[in-house]
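Enquirer:
Number of protein chains: 2
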Amino acid sequence: MNYETIKIACANCNMRELCMPIGLTQDELNRIDEMIGSRRKVKRGETLFHNGERFTNLYAIRTGFFKTCITSEDGRDQVTGFQMAGEIIGMDGIVNDYHSCDAVALEDAEICAMPFAQIEALSREVNALQHHVHKIMSREIVREHGVMLLLGSMRAEERLAAFLLNLAQRLHSRGFSQSELILRMTREEIGSYLGLKLETISRTFSRFVEDGIVAVKQRHVHILNTSALQDIVNPK
Amino acid sequence: MNYETIKIACANCNMRELCMPIGLTQDELNRIDEMIGSRRKVKRGETLFHNGERFTNLYAIRTGFFKTCITSEDGRDQVTGFQMAGEIIGMDGIVNDYHSCDAVALEDAEICAMPFAQIEALSREVNALQHHVHKIMSREIVREHGVMLLLGSMRAEERLAAFLLNLAQRLHSRGFSQSELILRMTREEIGSYLGLKLETISRTFSRFVEDGIVAVKQRHVHILNTSALQDIVNPK
DNA sequence: CGGCGTGTTGACTGGGGTCAAGTGACGTGG
DNA sequence: CCACGTCACTTGACCCCAGTCAACACGCCG
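Chains as they are written, first to last, in the UniProt record's numbering: chain A, 1 to 236; chain B, 1 to 236.
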């Protein structure tokens with residue numbers, strides 16, 4: 001049996017509590033299940049959608065890790081976020097019916113494509129779904145406020161510390177260790193997200209290692225002193 | 001008759017095409033009218049809502065000018081946006097039922113408070129309203145992507161040039177001159193938004209004046225050479 | 001008229017960018 | 001299984017843009 005054809009119901013998906021509203025009736029869950037058009041694999045390096053592509057779906061990440069990035073007219077690149085299992089991407093496309101950023105898999109991934117027209121139709125009938133969609137978009141707006149604060153007023157050490165804490169916290173809430181993590185992105189991609197150059201990321205990692213705050217071996221990061229990181233982000 | 005009590009119907013509001021979906025029937029428009037709870041004045045310097053306040057409404061700006069800003073634990077301040085007539089604010093509050101930023105009037109303003117619960121209820125029945133709400137939130141997400149690009153990869157001149165062009169464009173689409181504008185915010189607030197210090201804003205303005213790109217007299221800005229500004233934003 | 005908030009300008013500093021060299025991990029193909 | 005090439009990363013030297021600190025100017029309002 002080809003794994004790709006298995007239809008895993010939302011009801012049985014271990015990401016459900018992250019990407020679906022809670023407290024749905026069985027009937028409502030079934031209807032959402034029907035809405036999910038296709039589950040698809042995206043190989044590392046492939047794009048799930050790209051700038052200029054017609055918008056039709058939101059995507060729920062089942063497994064894997066993505067980055068989203070925009071490119072300005074003159075070729076500047078900016079990573080706007082890193083997304084992991086249970087998170088929803090594609091909302092940039094709603095406003096103009098075209099995506100305005102690229103979503104690239106940083107490791108092999110599986111996603112659920114959810115036709116947005118059907119999300120809208122169903123959320124007219126299932127209040128919890130409607131409110132959930134609003135919350136997801138609001139959450140993204142608030143997250144971006146935080147990134148603006150980081151980009152607008154933090155120094156390199158503070159940015160990287162905040163980045164590591166955020167990643168660790170999100171991984172932890174998915175059942176992974178809160179102190180050990182594997183970076184799925186390059187130093188350059190971290191730098192782009194944080195508004196820094198890759199050399200600065202590298203140097204800042206080295207300083208953290210010197211100070212005994214983290215241990216770094218390639219993309220394996222071990223956070224040795226969480227509160228020191230927190231003190232860097234929020235100097236008293 | 002007290003002006004504050006006048007109820008101006010959405011149907012007659014000259015901001016309608018900016019904050020409302022187009023193509024509504026008269027009946028739908030009337031229902032939206034009923035939804036608008038209160039029209040209220042906010043004096044310059046007053047806050048419309050603030051961080052930590054319970055979220056109940058979205059607000060449509062009828063007249064006036066606002067800034068939204070967040071404050072980090074250690075007291076850092078970041079202006080996350082400037083909003084003008086026809087724009088909707090308050091969407092940060094949806095995700096947690098509490099606002100996570102402050103909205104401060106930079107000039108005397110009038111707003112329409114729209115109870116979000118009623119927006120949700122009505123948008124279950126009026127498809128155009130539902131889609132409009134989604135588009136507004138998506139637009140905000142995309143706008144913030146642009147700010148991230150600006151903060152993450154632009155130099156001071158580029159940031160200020162992009163800021164001025166954006167302001168001028170938005171004012172122009174509201175029927176104002178596309179070359180003359182009055183800044184409603186201080187240099188410090190511009191700086192906060194652009195991730196720069198007020199001295200840098202001041203110096204960059206001076207350089208633009210030297211180069212004959214703009215004329216500046218206090219908060220009155222006259223854009224003399226739009227394409228020069230565009231070249232600064234997008235160096236070829 | 002005087003005081004304060006806002007803006008301008010100068011001198012100096014420093015954090016992060018730039019450029020360059022070198023190292024190490026990994027995958028591919030012989 | 002090893003040689004090689006590529007890509008990612010690290011580190012150093014130097015530079016420059018924006019931050020910092022400080023003095024001063026201007027306009028507004030009491």
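We treat Cβ as the ideally placed atom computed from N, Cα and C, and that holds for glycine.
What number of angstroms, rounded off, separates the C-alpha of Asn-51 of chain B from the C-alpha of Gly-81 of chain A?
Expert: Within the second sequence, the letter at position 51 stands for residue 51 of chain B. Within the first sequence, the letter at position 81 stands for residue 81 of chain A. So the two alpha carbons sit approximately 24 Å from each other.
Enquirer: Against chain B, does Met-1 of chain A count as a neighbour if the rule is that its beta carbon must be under 8 Å from one of theirs?
Expert: In the first sequence, the residue the question calls residue 1 of chain A occupies position 1. Legend: pLDDT at Met-1 of chain A = 40, less than 50; position of this residue unreliable, value from coordinates given subsequently. Chain B, which has no Cβ nearer than 8 Å to the Cβ of Met-1 of chain A, makes this no.
Enquirer: Do we get a CB-CB distance below 8 Å when we pair Ser-177 of chain A with the residues of chain B?
Expert: By 1-based counting over the first sequence, the position of residue 177 of chain A is 177. Judged by the 8 Å Cβ criterion, Ser-177 of chain A is not in contact with chain B.
Enquirer: Which class does Ala-85 of chain B belong to by DSSP, given the choice of helix, strand or coil?
Expert: Numbered from 1 along the second sequence, position 85 holds the residue referred to as residue 85 of chain B. In this structure, Ala-85 of chain B counts as coil in the three-state DSSP scheme.
Enquirer: Given this structure, state the Cα-to-Cα distance separating Phe-176 of chain A from Cys-10 of chain A, to the nearest angstrom.
Expert: Residue mapping note: residue 176 of chain A aligns to position 176 of the first sequence, counting from 1. Residue mapping note: residue 10 of chain A aligns to position 10 of the first sequence, counting from 1. Here the C-alpha atom of Phe-176 of chain A lies approximately 22 Å from the C-alpha atom of Cys-10 of chain A.
Enquirer: If you reduce the DSSP assignment to three classes, tell me which class Ala-109 of chain B lands in.
Expert: Here the question's residue 109 of chain B lines up with position 109 in the second sequence. Strand.
Enquirer: Looking only at its chain, what residues have a beta carbon closer than 7 Å to the beta carbon of Tyr-3 of chain A, apart from the 5 residues adjacent to it on each side?
Expert: As a first step, residue 3 of chain A must be located in the first sequence, where it is residue number 3. Caution applies to Tyr-3 of chain A, whose pLDDT of 42 falls short of 50 and renders its modelled position unreliable; the value that the coordinates give is listed next. Same-chain partners within the cutoff: there are none.
Enquirer: Looking at Met-20 of chain A and Ile-32 of chain A, is the spacing between their C-beta atoms short of 8 Å?
Expert: Here residue 32 of chain A refers to the residue found at position 32 of the first sequence. Here residue 20 of chain A refers to the residue found at position 20 of the first sequence. Closer than 8 Å, so yes.
Enquirer: Is Ile-70 of chain B close to chain A? Criterion is C-beta to C-beta, closer than 8 Å.
Expert: The residue given as residue 70 of chain B occupies position 70 in the second sequence. Yes, because at least one Cβ of chain A sits closer than 8 Å to the Cβ of Ile-70 of chain B.
Enquirer: How should Arg-159 of chain A be labelled, buried or exposed, when 16 other C-beta atoms within 10 angstroms of its C-beta is the threshold for buried?
Expert: Residue 159 of chain A sits at position 159 when you count from the first residue of the first sequence. The residue is buried, with at least 16 neighbouring Cβ atoms inside 10 Å.
Enquirer: Alpha carbon to alpha carbon, how far is Val-79 of chain B from Gln-118 of chain B?
Expert: Numbered from its first residue, the second sequence carries residue 79 of chain B at position 79. Numbered from its first residue, the second sequence carries residue 118 of chain B at position 118. Taking the straight line from one Cα to the other gives about 29 Å.
Enquirer: Note the first and the last residue of the continuous alpha helix (DSSP H) segment covering Ile-141 of chain B.
Expert: Along the second sequence, one-based indexing puts residue 141 of chain B at 141. Boundaries of the alpha helix (DSSP H) harbouring Ile-141 of chain B: 127–153, taken from the DSSP string.
Enquirer: In its own chain, which residues sit with a C-beta less than 7 Å from the C-beta of Met-170 of chain A, not counting the 5 before and 5 after it?
Expert: As a working mapping, residue 170 of chain A is identified with position 170 in the first sequence. In the sequence as presented, Met is not what sits at residue 170 of chain A; that position holds Arg. Here the set comprises Met-84.
Enquirer: Are any of the Cβ atoms in chain A nearer than 8 Å to that of Gly-195 of chain B?
Expert: The residue labelled residue 195 of chain B in the question sits at position 195 within the second sequence. Yes, its Cβ sits closer than 8 Å to a Cβ of chain A.
Enquirer: Grouping DSSP H, G and I as helix and E and B as strand, with all else coil, what is Ile-32 of chain B?
Expert: As a working note, residue 32 of chain B is residue 32 in the second sequence. Residue state, collapsed to three classes: helix.
Enquirer: Using a beta-carbon distance cut-off of less than 7 Å, what residues from the segment 94–105 of chain B approach chain A?
Expert: Ile-94, Val-95, Ser-100, Cys-101
Enquirer: Taking the continuous alpha helix (DSSP H) assigned at Ala-117 of chain B, which residues delimit it?
Expert: Position 117 of the second sequence, counted from the start, is the residue given in the question as residue 117 of chain B. 116–123 is the span of the alpha helix (DSSP H), which, as asked, contains Ala-117 of chain B.
Enquirer: Determine, using beta carbons only, whether residue 273 of chain A and Ala-215 of chain A come nearer to each other than 8 Å.
Expert: Residue 273 of chain A falls outside the range modelled here, since chain A spans only 1 to 236, and no answer is possible.
Enquirer: So, is the C-beta of Leu-24 of chain A closer than 8 Å to a C-beta in chain B?
Expert: Taking the first residue of the first sequence as position 1, residue 24 of chain A is located at position 24. So no, Leu-24 of chain A is outside the interface.
Enquirer: Between Asn-234 of chain B and chain A, is there a C-beta pair that is closer than 8 Å?
Expert: As a position in the second sequence, residue 234 of chain B is number 234, starting the count at 1. Yes, Asn-234 of chain B lies at the interface with chain A (some Cβ there is under 8 Å from its Cβ).
Enquirer: In angstroms, rounded to a whole number, what distance separates the CA positions of Asn-14 of chain B and Glu-110 of chain B?
Expert: Here residue 14 of chain B refers to the residue found at position 14 when the second sequence is read from its first residue. Here residue 110 of chain B refers to the residue found at position 110 when the second sequence is read from its first residue. Cα to Cα, Asn-14 of chain B sits roughly 13 Å from Glu-110 of chain B.
Enquirer: By the DSSP assignment, the alpha helix (DSSP H) with Gly-191 of chain B in it spans what residues?
Expert: In the second sequence, residue 191 of chain B corresponds to position 191, counting from 1. Residues 187–194.
Enquirer: Since Lys-135 of chain B meets chain A, which of its residues come closer than 7 Å, beta carbon to beta carbon?
Expert: Within the second sequence, residue 135 of chain B is the residue found at index 135, counting from 1. Within 7 Å Cβ-Cβ: Ile-94, Val-95.
Enquirer: Less than 8 Å between C-beta atoms, sequence neighbours within five positions excluded: which residues of the same chain meet that for Met-114 of chain A?
Expert: Along the first sequence, one-based indexing puts residue 114 of chain A at 114. Excluding residues within five positions, the ones whose Cβ falls inside 8 Å are Met-35, Ile-36, Gly-37, Asn-57, Leu-58, Tyr-59, Ala-60.
Enquirer: Quick one: measure Cβ to Cβ for Ala-156 of chain A and Leu-196 of chain A, integer angstroms, because I've assumed they're closer than 8 Å.
Expert: Taking the first residue of the first sequence as position 1, residue 156 of chain A is located at position 156. Taking the first residue of the first sequence as position 1, residue 196 of chain A is located at position 196. Sure, about 6 Å apart at Cβ, within 8 Å.
Enquirer: Which partner residues does Ile-223 of chain B have in the DSSP bridge list?
Expert: Looking up residue 223 of chain B in the second sequence gives position 223. Note: Ile-223 of chain B sits in a beta bridge opposite B:Val-214.
Enquirer: What does Glu-120 of chain A reach in chain B if we use C-beta pairs closer than 9 Å?
Expert: Residue 120 of chain A sits at position 120 when you count from the first residue of the first sequence. Per Cβ cutoff of 9 Å: Asn-127, Gln-130, His-131, His-134.
Enquirer: Any residues in the segment 209–224 of chain B with a beta carbon nearer than 7 Å to a beta carbon of chain A? Which ones, in chain order?
Expert: none
Enquirer: Does DSSP classify Leu-48 of chain A as helix, strand or coil?
Expert: Taking the first residue of the first sequence as 1, we reach residue 48 of chain A at position 48. In this structure, Leu-48 of chain A counts as strand in the three-state DSSP scheme.
Enquirer: Which same chain residues, not among the five before or five after Arg-44 of chain A, have their C-beta less than 7 Å away from its C-beta?
Expert: By one-based count along the first sequence, residue 44 of chain A stands at place 44. These residues qualify, in order along the chain: Ala-105, Leu-106, Glu-107, Asp-108.
Enquirer: What residues from chain A crowd round Gln-83 of chain B, counting only those whose CB sits closer than 7 Å?
Expert: Counting from one through the second sequence, the residue named residue 83 of chain B turns up at place 83. Per Cβ cutoff of 7 Å: no residues; Gln-83 of chain B is ~13 Å from chain A at best.
Enquirer: Tell me the rounded alpha-carbon separation between Gly-93 of chain B and Ile-136 of chain A.
Expert: The residue given as residue 93 of chain B occupies position 93 in the second sequence. The residue given as residue 136 of chain A occupies position 136 in the first sequence. Each residue's Cα considered, the two are about 12 Å apart.
Enquirer: What three-state label does DSSP hand Asn-57 of chain B in the structure shown?
Expert: Within the second sequence, numbered from 1, the residue matching residue 57 of chain B stands at position 57. Reduced to three states, the DSSP call for Asn-57 of chain B is strand.
Enquirer: Would you say Gly-45 of chain B reaches chain A, if we count a Cβ-Cβ gap shorter than 8 Å as a contact?
Expert: If you number the second sequence from 1, residue 45 of chain B lands on position 45. So no, Gly-45 of chain B is outside the interface.
Enquirer: Nearest-angstrom Cα distance between Ala-103 of chain B and Val-95 of chain A?
Expert: Counting from one through the second sequence, the residue named residue 103 of chain B turns up at place 103. Counting from one through the first sequence, the residue named residue 95 of chain A turns up at place 95. In this structure, the straight-line span from the alpha carbon of Ala-103 of chain B to that of Val-95 of chain A is close to 24 Å.
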